[in-house]
Amino acid sequence: MFWIFRRILLMASLGLGFMSGQAFEAWRYEARCQDLGGGRTPGGLPICVLTEQR
């Protein structure tokens with residue numbers, strides 16, 4: 001019976017690790033985009049848009 005608990009705990013840990021990794025990557029991408037002087041498109045799409053200044 002204890003092995004079921006360990007298996008559930010392992011799966012939950014893997015899921016939480018994956019989700020936190022995805023959140024960190026999204027934050028890092030957004031920070032890099034802002035550092036370059038860009039921002040997201042008005043529709044909130046996950047694309048970094050850099051405007052060229054002439």
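The opening residue of the sequence shown carries number 1 in UniProt numbering; numbering runs sequentially from there. Using N, Cα and C, we set each Cβ at its ideal position, and we do this for glycine too.
Quick one, which of the options has its alpha-carbon nearest residue i's?
| i | options | result |
| --- | --- | --- |
| ARG32 | SER20, MET19, GLY21, ILE47 | ILE47 |
Specify, as a first and last residue, the run of the alpha helix (DSSP H) that residue i falls within.
| i | result |
| --- | --- |
| MET11 | 2-35 |
Whole-angstrom Cβ separation of residue i and residue j, contact assumed at under 8 Å?
| i | j | result |
| --- | --- | --- |
| VAL49 | GLY37 | The Cβ separation is near 10 Å, so there is no contact. |
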